Amino acid sequence: MIGGEILIWLHLCAMAAYVGAQFGVIYMLIPAAETAPNEAARRKALIAGFKFYNPFTIGVLGIIVITGAMRLTDLKASMKFDYFARIGAPLELKLGLAFLLIFIQTYITFGLAFRIGRQEEVAAHGDGEPFTVAQINSMLRRIRAMAWFTIALAAAVIWVSLTMVARAAIEPAVAARIATRAELGASEQSRNPSAPDLSAPRNDIDILSI
């Protein structure tokens, strides 16, 4: 139980750290770089910020994936044969959204943010030209847009996860209540044959209101 709780907290903290990093890029790093006195200082600020952002976001995504997979294994062991019937559909959706989130973050990190610093190093060694101001601005716009998209994807993943938790927790409880009611109805029927049969559900609304 303690190990499961630790996994949950690590998973939640990693997700919060990831979303916080995205907001940090949007509202802190890029605006702060824009206040630099010249273009060289702006690029230096961006490169310094992305040197932290790039490994941090990839690292916390790794923690999210690992802890999520470990927790999913625990759920599979506890649900046994009911695993796919109860959470199969939301799990497929969650995995699809998670894959898309990782793909977009990889594009932000290695396709945009990393290239800004890398190209400056290439230019410093005389092996190429640095990015122009227009190119840097275009890349920053794409980083900002993709960061917002990853925030929306993270919110969608969280929502689907809550749906999975609800299905995993509520359905067994409803089944247990129905079984208890059936047992009580059968017991009452055996003691008093003229009593109404309470073990049989009256309708869908009656079942769901248990």
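Residue numbers are given in my numbering: position 160 of the sequence shown equals residue 142, and the series is strictly consecutive.
We put the beta carbon where it would ideally sit given N, CA and C, even for glycine.
A quick note: this is a predicted structure, and the numbers were derived from the prediction, not measured.
| Query | Result |
| --- | --- |
| Closest Cα partner of Thr91 within the set Gly31, Ile(-12) and Thr49 | Gly31 |
| Own chain, CB closer than 6 Å to Leu(-11), minus 5 neighbours either side, in chain order | Thr49, Met52 and Arg53 |
| Alpha helix (DSSP H) runs contained entirely in the segment 12 to 64, provided each spans 4 or more residues | 12 to 16 and 21 to 61 |
| Straight-line Cα distance separating Met146 from Ala67 | 11 Å |
| Inter-residue spacing [alpha-carbon to alpha-carbon] between Ser143 and Ala59 | 18 Å |
| His107 (DSSP reduced to helix, strand or coil) | coil |
| Contact belief for Ala29 with His(-7) at Cβ below 8 Å, rounded distance in angstroms | Looking at the sequence shown, residue 29 is not Ala but Ile. Not really, about 31 Å apart at Cβ, beyond 8 Å. |
| Pairwise C-alpha distance: Ala134 and Phe96 | 23 Å |
| C-alpha distance - Gly44 paired with Pro37, whole-angstrom precision | 10 Å |
| Rounded separation between Ala3 and Glu102 - CA only | 24 Å |
| Burial state of Leu55 (16 or more Cβ within 10 Å) | As written in the sequence, residue 55 is Thr, which differs from the Leu given in the question. The residue is exposed, with fewer than 16 neighbouring Cβ atoms inside 10 Å. |
| Which listed residue (Ala(-2), Ala138, Arg24 and Tyr89) has its alpha carbon closest to that of Ala127 | Tyr89 |
| Pro72 classed as buried or exposed, judged by whether at least 16 other C-beta atoms fall within 10 angstroms | buried |
| Reference Thr132, options Gly99, Thr114, Leu82 and His107, closest by Cα | Leu82 |
| Rounded C-alpha distance that separates Leu79 from Phe85 | 10 Å |
| Contact check, Tyr0 vs Val42, beta carbons under 9 Å | yes |
| Residue burial classification, Arg123 (beta-carbon count within 10 angstroms, cutoff 16) | exposed |
| Euclidean distance between Cα positions of Leu57 and Glu74 | 15 Å |
| Assumed close pair Ile125, Leu94 - CB separation to whole angstroms, cut-off 8 Å | 5 Å |
| Residue from Val104, Leu77, His107 and Lys33 whose Cα sits closest to the Cα of Ala138 | Leu77 |
| Beta-carbon separation (whole angstroms), Ile98 vs Met121, contact threshold 8 Å | 6 Å |
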